[in-house]
Amino acid sequence: STYRVASIPGDGIGVDVQREACKVLDTAAQRFGFGLEWTEFDWSCERYAETGAMMPADGIATLRSFDAVLLGAIGFPGVPDHVSLWGLLIPVRRAFEQYVNLRPVRLLPGTASALAGRGADELEMVIVRENSEGEYSEVGGRHNAGRPGEFVLQESVFTRVGVERVVRYAFELARTRQRRVCSATKSNGIIHTMPFWDEIFAEVAAEYPDVEAEQMHIDALAARMVQRPDLLDVVVGSNLFGDILSDLAAAITGGLGMAPSGNLNPEGQFPSMFEAVHGSAPDIAGQGIANPVAQILAAAMMLDQLGEKAAGEAVRGAVQSVLAASEVLTPDLGGGATTAELGSAVAESL
Ligand code: NAI
Ligand code: MG
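In full-length UniProt numbering, the protein residues as written are 2 to 351.
Pasting the structure below:
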């Protein structure tokens, strides 16, 4: 079959890493005998600077007919980050009910990790981040602007349906893995939303007696992730907590250049969107030295979701063997290769 994929390279290194991910995917398609039909969209901060909008008014409707979306990264100096995020990423996640942000973490060979010396089997976990509500909310506002007593209010929105579905996803996923779920909470300090989250977590956990359920305050959980990551398998957290934990998890396994993510609509009613965890990295943009591995692994997750699991596995295997050989590594991994050289090495290995 042929899949129709919307490609949004975006800004900064998003453009560089997207090119390599497409290169690897086209190779995978050839080798595994399926078709990929790409349609590229120039939605970006550059577009915003020219037109005043990150994407056209019918952007969401345009994406709806695709089988999946592959996104580079969004955001660039000159356009405030909340404008770029709320102008593209968050509307897509919400319109397509991509309520799970899945961020698998794995210690790969040849990476300069804080955990160097440990085996890959000691660090293989997955962060399940709530992706449609929670702390990333528009509710709130500024009061007494410019006057004494100025203050802002920022509300969080946690719905029963929203919490339950992401927690349930985590338990279902745990059944395919080590049957352990750890929930990130902070119900000692955040007294309305987090006890509600805990309550629903306990209700869902009761339906999965075969899965070990644990909850930890986010601060202690962050410490555990650094010191004893081997005790964690599936970690479920709210939008904010999941966001922070996944960058932390990426950092201990070799850096942001290695961490993929999928914004999933698990029911498959709408397209899912795949992207690296990292952003557009303006500090290294235009130098051709960004690590494309995270984006290539995100593309592999996209293949899994499209039903091409063997191809997804093969892409991960190709990344693994190129890193293990440690001949072609980008500067963040201690090498001197360019983005394109690392991407080509993965495609060739495939
Ligand atoms: P960032 O992830 O872009 O960069 C953080 C640090 O990691 C930088 O030093 C960067 O050079 C390094 N880094 C990131 N990816 C790398 C790669 N593939 N290879 C080598 N080094 C890499 O985060 P930052 O600086 O907070 O954000 C920059 C822009 O990206 C902002 O406009 C932000 O809003 C946006 N952003 C967009 C995201 C998205 O599109 N989903 C996610 C996170 C940030
Ligand atoms: Mg983040």
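Every residue gets a Cβ at the ideal spot worked out from N, C-alpha and C, and that includes glycine.
- In this structure, the straight-line span from the alpha carbon of Ile245 to that of Arg95 is close to 20 Å.
- Selection around the ligand NAI by beta-carbon proximity, strictly under 5 Å to any non-hydrogen atom, yields Ala74, Ile75, Gly76, Asp82, Leu257, Gly258, His279, Gly280, Ser281, Ala282, Asp284, Ile285, Ala291, Asn292 and Asp333 in chain order.
- The C-alpha of Trp39 is placed about 23 Å away from the C-alpha of Ala291.
- For Gln155, the enclosing beta strand (DSSP E) starts and ends at Phe152 to Gln155.
- Per DSSP, the continuous beta strand (DSSP E) segment holding Gln216 begins and ends at Glu213 to His218.
- Relative to the Cα of Cys46, the nearest Cα in the group Leu26, Phe242 and Gly13 belongs to Gly13.
- Going by DSSP, Thr194 is part of the alpha helix (DSSP H) stretching over Thr194 to Ala207.
- Of Thr3, Ser8 and Asp17, the smallest CA-CA separation from Gly287 is found for Asp17.
- A direct Cα-Cα distance of roughly 25 Å separates Pro10 from Ala250.
- Spatial neighbours of Asp199 in its own chain (CB-CB distance under 8 Å, excluding positions within 5 residues in sequence) are listed in chain order as Ser184, Thr186, Ser188 and Gln216.
- A residue is called buried once 16 or more other Cβ atoms fall within 10 Å of its Cβ, and Ser138, having fewer, is exposed.
- Classified as buried, Ala300 has 16 or more neighbouring CB atoms from the shown chains inside 10 Å of its CB.
- Counting the other Cβ atoms within 10 Å of the Cβ of Pro149 gives fewer than 16, which makes it exposed.
- Inside the stretch 71-104, DSSP marks whole alpha helix (DSSP H) runs of 4 or more residues at positions 82-85 and 91-96, from first to last along the chain.
- Runs of the alpha helix (DSSP H) spanning 4 or more residues and lying entirely within the stretch 25-52 occur at 46-52, in chain order.
- Around the beta carbon of Val140, fewer than 16 other beta carbons lie within 10 angstroms, which makes this residue exposed.
- Counting along the chain, Ser273 sits inside the beta strand (DSSP E) bounded by residues Ser273 to Ala277.
- About 6 Å separates the beta carbons of Val316 and Ala29, which is inside the 8 Å limit, making them a contact pair.
- DSSP places Gly243 inside the alpha helix (DSSP H), whose first and last residues are Asn240 to Ile253.
- Cβ contact annotation for Leu90 (same chain, cutoff 7 Å, sequence separation greater than five): Ile75, in chain order.
- Contact check for Arg161 against Ala260 fails: the beta carbons are separated by 9 Å or more.
- Residue nearest to Cys23 within the set Leu72, Asn145, Val168 and Arg225 is Leu72 (criterion: CA-CA distance).
- Within the same chain, Glu309, Ala311, Ala312 and Ala315 come within 8 Å of Phe33 by CB-CB distance, once the 5 residues on both sides are set aside.
- Sequence-distant Cβ neighbours of Ser85 in its own chain, meaning closer than 8 Å and more than five residues away, are Asp12, Cys46, Tyr49, Met55, Ile75, Gly76 and Phe77.
- Going by beta carbons, Ala62 and Ser273 fall outside the 9 Å limit.
- With a threshold of 16 other beta carbon atoms within 10 Å, Asn240 meets it and is buried.
- The stretch 263-277 and the stretch 226-243 do not touch, with fewer than three beta-carbon pairs separated by less than 8 Å.
- Counting only residues of its own chain and dropping the five nearest sequence neighbours on each side, Gln155 has a CB closer than 7 Å to the CB of Gly141.
- The C-beta separation of Val278 from Val294 comes to about 11 Å, leaving the pair out of contact by the 8 Å criterion.
- When rounded, the separation of the alpha-carbon atoms in Gly163 and Val205 is 13 Å.
- Between the C-alpha atoms of Arg20 and Glu98 there is a straight-line separation of about 27 Å.
- In its chain, beyond the 5 residues on either side, Glu125 have a beta carbon closer than 6 Å to the beta carbon of Arg107.
- Taking every protein chain shown into account, the CB of Val153 has fewer than 16 other CB atoms within 10 angstroms, so this residue is exposed.
- For Gly318, there is no enclosing beta strand (DSSP E); the residue is found in the alpha helix (DSSP H) stretching over Lys310 to Ala326.
- Following the DSSP letters along the chain, one finds Glu125 inside the beta strand (DSSP E) bounded by residues Glu125 to Glu131.
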